[in-house]
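The sequence shown finishes on residue 544 if you use the working numbering, and the numbering steps up by one all the way, no holes. We put the CB at the ideal spot given by N, CA and C, even for glycine. Here the structure is a predicted model, which means the values were calculated and not measured.
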Amino acid sequence: MTHAHQRLLIIDFGSQVTQLIARRLRELKVYCEIHPFNRVDAAFLKAFAPKAVIFSGGPASVFAEGAPMPPAEVFDLGVPILGICYGQQVMMHCLGGKVERGHGTAEFGRAYVTPAERRLPLLDGWFADGREQVWMSHGDHVSEIAPGFAVYGTSPNAPFAITADPARSFYAVQFHPEVHHTPKGAKLYENFVRLAGFAGDWTMGAYREDAIEKIRAQVGGGKVICALSGGVDSSVAALLIHQAIGDQLTCVFVDHGLMRQGEAEEVVSMFREHYNLPLIHADESDLFLGALDGVSDPETKRKTIGRLFIEVFERQAEAIGGAAFLAQGTLYPDVIESVSVSGGPSVTIKSHHNVGGLPEKMGMKLVEPLRELFKDEVRALGRELGLPEKFIRRHPFPGPGLAIRCPGEITREKLDILRRADAVYIDQIRRHGLYDAIWQAFAAILPVKTVGVMGDGRTYDYACALRAVTSVDGMTADYYPFTHDFLSETATRIINEVQGINRVFYDVTSKPPGTIEME
Ligand code: XMP
Numbered sequence: 026m027t028h029a030h031q032r033l034l035i036i037d038f039g040s041q042v043t044q045l046i047a048r049r050l051r052e053l054k055v056y057c058e059i060h061p062f063n064r065v066d067a068a069f070l071k072a073f074a075p076k077a078v079i080f081s082g083g084p085a086s087v088f089a090e091g092a093p094m095p096p097a098e099v100f101d102l103g104v105p106i107l108g109i110c111y112g113q114q115v116m117m118h119c120l121g122g123k124v125e126r127g128h129g130t131a132e133f134g135r136a137y138v139t140p141a142e143r144r145l146p147l148l149d150g151w152f153a154d155g156r157e158q159v160w161m162s163h164g165d166h167v168s169e170i171a172p173g174f175a176v177y178g179t180s181p182n183a184p185f186a187i188t189a190d191p192a193r194s195f196y197a198v199q200f201h202p203e204v205h206h207t208p209k210g211a212k213l214y215e216n217f218v219r220l221a222g223f224a225g226d227w228t229m230g231a232y233r234e235d236a237i238e239k240i241r242a243q244v245g246g247g248k249v250i251c252a253l254s255g256g257v258d259s260s261v262a263a264l265l266i267h268q269a270i271g272d273q274l275t276c277v278f279v280d281h282g283l284m285r286q287g288e289a290e291e292v293v294s295m296f297r298e299h300y301n302l303p304l305i306h307a308d309e310s311d312l313f314l315g316a317l318d319g320v321s322d323p324e325t326k327r328k329t330i331g332r333l334f335i336e337v338f339e340r341q342a343e344a345i346g347g348a349a350f351l352a353q354g355t356l357y358p359d360v361i362e363s364v365s366v367s368g369g370p371s372v373t374i375k376s377h378h379n380v381g382g383l384p385e386k387m388g389m390k391l392v393e394p395l396r397e398l399f400k401d402e403v404r405a406l407g408r409e410l411g412l413p414e415k416f417i418r419r420h421p422f423p424g425p426g427l428a429i430r431c432p433g434e435i436t437r438e439k440l441d442i443l444r445r446a447d448a449v450y451i452d453q454i455r456r457h458g459l460y461d462a463i464w465q466a467f468a469a470i471l472p473v474k475t476v477g478v479m480g481d482g483r484t485y486d487y488a489c490a491l492r493a494v495t496s497v498d499g500m501t502a503d504y505y506p507f508t509h510d511f512l513s514e515t516a517t518r519i520i521n522e523v524q525g526i527n528r529v530f531y532d533v534t535s536k537p538p539g540t541i542e543m544e
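Put into structure tokens, the structure is as follows:
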């Protein structure tokens, strides 16, 4: 099999930061994939044909029964290998060195590595000031290096901080070069891929051409249907597929009546008129709001919306005469099979709604052209496809929409008030140039009425909560530290401009213990 790009294989031993290795490599325009150690065998290696291999770190001990190991054949590929932390220990263990148990002397955090006498091209650009800061995180440590290896860097607690067998291009480090706390880590990766002969051929332009070819090959003359929400992932997926197969693609925008102010019109007009994309605007607000009438339990809300979404989508798919393929904007982080070390299922905090479950039910095959990309790469691809910056930088918006920003029962009146308050809030954020510094910002309407005084009269209206958070991936988040001036100006505007609200709160809860959305 030939591959369009030179490929690097990351064998995952379960480190929390394996994805960062992939990020660093993609920044160097090197195509890489992460695969769990227990899925990589000789046949896999042959088919993948990596130009280099990286062993990630991991929480295990090589002494543990059934300790994660790479296949022996990886050392016979004749390609450079870089072992990180547990990856270093595994490498030494497999190649004839020795690893010692930590005996409670685990080393975590900042350390300083100083160079050995010998020079190593992997460390070009290192040690200009005599030493480099690195980030250590390990329990066991290497006590004897394997035959052929030599030491190129040491730290007070890690005499084998940097080791290598340059003749075989095997490199092994005790620390994590992929984290920001190893400031010269990116340089180490740059040196590694240069030594391995990567040309840096992973560009968005090349990706786009490739993806278009792949979509055409997969779909042939078949019809594809895509749920378009206006979010960056589904927008980019739709544009890319449209460029590949034109009118064989039909997009469906399911309007559940829980969109923000002007949103439905904006999404529909942009894709229909600007991009000339075949788009069905399914206005199903009566259906959704009818089913949600009197529902106040968050999970019931989510499940109702998810079920109706599938129903509407199925109906629309039938209306266009059936489609053999369903397009989804699945991203790489959703695809990577993480190595579970603790085992056991995690607790469901919220049932996220997406179109999952549809393809099996409807007998459709999936088209997922973004499966290999990280979020920022999707944004880069969006730019390549000419998607306006406004869409590219949009804050994430949840599938259940305003339903989960309206705790308790949903009414049309509340939704209407919420839309107007949210529009004022977002306008304030844009006016103050803060939109791009925030991961997500929105207003919520609380299920309480409070007393106020406006002019000479008493008011008895809803309270509104404002939320704004910073985050990297939505998994954890911190509230955004607006100035007092911003908050008071915004509260005044909302109360003056939105009839039905007489009190404004700012949510200062981080995640955890809160979540980003209210429900
Ligand atoms: P939470 O509220 O769980 O949100 O802290 C984390 C991120 O996920 C988004 N979110 C959803 N996205 N369907 C979605 O597509 C959902 O059901 C859903 N619930 C939460 C939320 O907006 C935030 O970005």
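- Scanning R444, H205, F152 and G173 for the CA closest to the CA of S180 turns up F152.
- In this structure, T275 is the residue among A74, G331 and T275 with its C-alpha nearest to the C-alpha of H306.
- For K536, the CB falls within less than 7 Å of some heavy atom of the ligand XMP.
- At least one heavy atom of the ligand XMP falls within 7 Å of the beta-carbon of I541.
- When beta bridges are read from the DSSP output, R32 appears opposite Y56.
- Inclusion of L34 and P75 in the CB contact set at 8 Å is warranted, their separation being smaller than that value.
- A direct Cα-Cα distance of roughly 43 Å separates G103 from L412.
- Collapsing the DSSP output to three states places L391 in a strand.
- R430 and V337 have their C-alpha atoms some 23 Å from each other.
- K375 has its Cβ nearer than 7 Å to a heavy atom of the ligand XMP.
- Contact annotation: the region 251-258 does not touch the region 77-91, with fewer than three C-beta pairs closer than 8 Å.
- For P432, the Cβ stays outside the 7 Å cut-off from all heavy atoms of the ligand XMP.
- Collapsing the DSSP output to three states places G331 in a helix.
- For V277, the enclosing beta strand (DSSP E) starts and ends at L274 to D280.
- Distances from the CA of G134 to each of I46, W160, V42 and F38 were compared; the closest alpha carbon is that of W160.
- Secondary-structure assignment with DSSP links D503 through a beta bridge to T495.
- Ranked by Cα distance from R518, the first of R456, G499, K415 and P538 is R456.
- For Q465, the shortest separation between its Cβ and any heavy atom of the ligand XMP lies below 7 Å.
- Beyond the five residues adjoining it in sequence on each side, D154 comes within less than 7 Å, by CB distance, of no other residue in the same chain.
- It is roughly 15 Å from the alpha-carbon of F511 to the alpha-carbon of V533.
- Relative to the ligand XMP, the beta carbon of P423 is positioned inside 7 Å of a heavy atom.
- In the structure shown, Q353 adopts coil according to DSSP, grouped into three states.
- Judged by their CB atoms, A269 and I240 are nearer to each other than the 8 Å cut-off.
- N527 counts as buried, since at least 16 other C-beta atoms from the protein chains shown sit within 10 angstroms of its C-beta.
- Per DSSP, the continuous alpha helix (DSSP H) segment holding A446 begins and ends at R437 to R456.
- Taking all protein chains in view, the Cβ of Y137 is surrounded by fewer than 16 other Cβ atoms within 10 Å, so the residue is classified as exposed.
- Every unbroken stretch of the alpha helix (DSSP H) spanning 4 or more residues and falling wholly within the region 228-254 is given here in chain order: 229-244.
- D311 and G426 have their C-alpha atoms roughly 15 Å apart.
- Membership of E434 in any alpha helix (DSSP H) is not indicated, and neither H nor E is assigned to it by DSSP.
- Short of 6 Å from the beta carbon of L471, and not among the five residues preceding or following it, lie these beta carbons of its own chain, in chain order: A488 and A490.
- Around the C-beta of K71, fewer than 16 other C-beta atoms lie within 10 Å, and the residue is accordingly described as exposed.
- Following the DSSP letters along the chain, one finds Y300 in no beta strand (DSSP E), marked with neither H nor E.
- Comparing C-alpha distances from A502 to each of A516, L302, F296 and P537 shows the shortest one belongs to P537.
- Under the three-state reduction of DSSP output, V476 falls in the strand class.
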